[in-house]
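Each protein sequence line maps, in turn, to chains B and W. Anchor point for the first sequence: position 292 equals 292 in my numbering, and the numbering is continuous, going up by one each time. In my numbering, each number is its position in the second sequence, counted from 1, plus 298. Written out below as structure tokens is the structure these notes cover.
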Amino acid sequence: MKHAVRQFREFSIRGFFFIMAFVSIAILCLILIFLAKEGLPIFEKVSIKDFLFGKYWYPTYDPADFGIFPLIVASLAVTACSAALAIPLGIMTAIYIAEIATPRLKEIAKPAVELLASLPSVVIGFFGMVVVAPFLQNTFNIPTGLNLFNASLMLAFMSVPTICTISEDAITSVPTELKEASLALGATHWETIVRVIIPASLSGLSTAVILGMSRAIGETMVVLMVAGGAAMMPSSIFSPVRPMPASIAAEMAEAPFRGDHYFALFATGMTLFLFTLVFNFIADYISHKHRQVGAATL
Amino acid sequence: MKKMKQNVMIIVTMVLTLFAGQCFAENLKITGSTTVLPIAQKAAEAFMKAYPGVNVSLSGGGSGEGIKAIIDGTTDVANSSRFIKDSEVAQAVEKGAYPVPFGVAYDCIVPVVHPSNPVTNLTLDQLKGMYSGSIKNWKQVGGPDKEVVVISRDTSSGTYEVWSEIVMKKERVFPGALLQASNGAVAQAVSKNTFAVGYVGLSYLNDELKPLTVNGVVGNSDNALNGSYPVSRVLYMFTKGWPTGMTLQFINFMMNPQKGQKIVAETGFVPLY
């Protein structure tokens with residue numbers, strides 16, 4: 001009897017967890033179906049090629065142009081520039097925290113970086129708009145401080161904590177015997193970091209970078225506030241741009257319900273989702289393929 | 299133990315009373331344009347004071363959202379900074395809804411520049427030139443030899459639509475214009491940029507912005523009402539069918555020169571009379 005009760009309890013707990021796990025997957029599926037249902041009708045009006053590679057985004061005119069190429073380029077440019085800023089910053093911070101800092105400094109530095117992640121994006125956006133934009137304008141004598149560079153800078157602030165935290169975990173989990181072996185062979189601390197620790201944690205570092213970038217490409221509030229919002233091809237890093245999330249957020253509220261513009265915005269959302277999906281697949285692939293199993297695979 | 303039971307009873311009774319109160323209160327839902335939101339906000343507060351039994355719930359979301367909510371029947375009043383579109387009328391008829399418009403206020407859209415900019419007047423043609431990209435330098439309109447930074451609203455905002463109709467005459471704003479998501483953001487961006495031009499609703503003018511005259515006419519409430527200021531528009535509240543009950547009371551409240559229209563003036567818009 002007691003045994004049966006135990007078994008039942010075990011069974012019901014398992015069932016409960018299964019349902020919990022299933023709920024989030026089901027919600028994801030529902031959102032995807034909804035996204036497709038609301039986004040696909042636009043392709044009856046414009047071909048996929050014209051939508052993705054069209055150069056003009058004039059959704060409210062008659063006849064309307066639904067070309068999101070400038071938006072895609074803007075998203076990619078902003079992400080690439082922010083990665084260029086955030087990757088060195090994030091990884092070097094991680095190396096410092098994991099390998100070089102004294103334990104006491106580590107106690108302070110690590111939570112401080114993580115605190116950066118808890119800054120609401122609207123606050124970062126506001127900072128970029130009110131402080132950084134006028135500064136850029138005056139320093140570089142450019143027409144507007146609301147531009148690609150400003151947005152990249154703010155996004156870099158946001159992806160540094162992601163990159164740093166995951167990298168730091170990857171570096172810390174490098175087996176101690178590797179490090180000790182390297183030091184025992186007469187390598188300096190610096191040589192050990194560059195030749196042993198970084199190669200050994202490379203899969204973790206790549207995952208960190210890609211997750212940081214996928215955070216940047218999907219970020220909405222910051223690019224809405226500081227990217228400038230001009231739907232044109234950027235000609236320099238000081239050009240104003242209009243990344244996809246900014247366009248969706250700014251226009252969705254006023255788009256006529258189930259009109260072409262509405263469908264086009266959902267299709268833009270699908271495109272954006274595909275981009276982040278690809279980023280996540282790459283991260284997953286790298287972390288599986290180059291997983292460090294023990295010391296022998298190095 | 300007995301005391302605890304008593305306490306529980308009291309709490310239960312209180313909760314029940316609270317719920318009962320909620321059930322019997324009349325609800326009025328208002329949604330739509332963020333331009334009209336400040337008016338609706340103040341009006342709703344005053345209305346709830348005047349009619350204590352009524353519970354007004356208010357949300358923004360945009361003119362399109364509001365009209366959509368009227369068509370779907372999920373709201374009683376929809377605020378809109380533009381008139382209903384033909385495509386929306388068609389959808390409404392299809393669903394058996396007949397949106398009724400009430401003009402509740404006038405809004406004046408004023409071109410603005412940084413206070414340090416010497417330009418004081420622009421003609422409609424000059425504004426059109428700047429926004430379509432043919433006028434690229436302040437020199438061309440009597441200003442300093444500097445590039446014009448054109449700041450506009452998002453293509454789907456109601457303010458933009460009015461601008462596009464009256465100033466742009468339906469021509470496209472050139473892709474290099476910076477699009478901002480709200481009146482506040484435009485005001486912020488222009489006040490931080492010496493060579494920017496933007497446009498905001500009358501209520502968003504402040505000391506950090508310099509309003510320009512259009513064709514020599516000052517954008518203010520008198521000129522909007524007498525029709526001499528070219529860039530002005532009517533703000534609407536839509537109801538589903540001719541309003542009845544509480545909705546009718548609210549619309550009457552809005553139209554009352556001593557009540558709703560006073561609030562319109564207080565929030566920086568132009569009252570109807």
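Backbone N, C-alpha and C fix where the C-beta goes; we use that ideal spot for every residue, glycine too.
In chain order, what residues of the same chain have a beta carbon less than 6 Å from the beta carbon of residue i, not counting five sequence neighbours either side?
i       : result
E38(B)  : F266
E506(W) : S489
I369(W) : Q389, A390, K393, A395
Y262(B) : A255
S414(W) : T492
Checking the sheet assignment: what are the DSSP bridge partners for residue i?
i       : result
D405(W) : R531(W)
D65(B)  : Y58(B)
A376(W) : T329(W), F536(W)
K508(W) : V411(W)
P399(W) : F536(W)
Excluding the 5 residues preceding and the 5 following residue i in the sequence, name in chain order all residues of the same chain whose CB lies nearer than 7 Å to its CB.
i       : result
G359(W) : T329, G330
Q320(W) : Below a pLDDT of 50, predicted positions are generally treated as unreliable, and Q320(W), at 46, falls in that range; the measurement from the model is reported next regardless. Hits under 7 Å: none found.
M233(B) : P70, V73
I464(W) : P528, V529
Check residue i in the structure and name its three-state DSSP category.
i       : result
N554(W) : coil
L570(W) : coil
G125(B) : helix
R195(B) : helix
E445(W) : strand
N513(W) : coil
L477(W) : strand
N521(W) : helix
K393(W) : coil
A318(W) : With a pLDDT of 45 at A318(W), under the threshold of 50, the modelled position of that residue is not reliable, and no figure is offered here.
Y349(W) : coil
A494(W) : strand
L30(B)  : helix
G482(W) : helix
E219(B) : coil
E363(W) : helix
N150(B) : helix
R451(W) : strand
S247(B) : helix
Of all the CB atoms in chain W, is at least one closer than 7 Å to the CB of residue i?
i       : result
Y285(B) : no
P175(B) : no
P240(B) : yes
L224(B) : yes
Y304(B) : Here chain B covers residues 1 to 298 and nothing more, so residue 304(B) does not appear.
T60(B)  : yes
E251(B) : yes
A227(B) : no
F263(B) : no
L148(B) : no
T207(B) : no
Are the beta-carbon atoms of residue i and residue j separated by less than 7 Å?
i       : j       : result
K444(W) : F381(W) : no
L71(B)  : M244(B) : yes
C164(B) : A94(B)  : yes
Y573(W) : P399(W) : What is shown of chain W runs 299 to 571, which leaves residue 573(W) out entirely.
A170(B) : L205(B) : yes
M552(W) : V352(W) : no
V122(B) : M221(B) : yes
V411(W) : V495(W) : yes
V340(B) : S152(B) : No information on residue 340(B) is available, as it lies outside the stretch 1 to 298 that chain B covers here.
L148(B) : V226(B) : no
Closest Cβ-Cβ distance between residue i and chain B: below 7 Å?
i       : result
T418(W) : no
K490(W) : yes
T453(W) : yes
A475(W) : yes
K437(W) : no
R380(W) : no
K467(W) : no
R531(W) : no
E386(W) : yes
Go through its chain and collect everything with a Cβ distance to residue i's Cβ below 8 Å, but skip five positions before and after it.
i      : result
F16(B) : none
G54(B) : V46, D65, F66, G67, I68, F69
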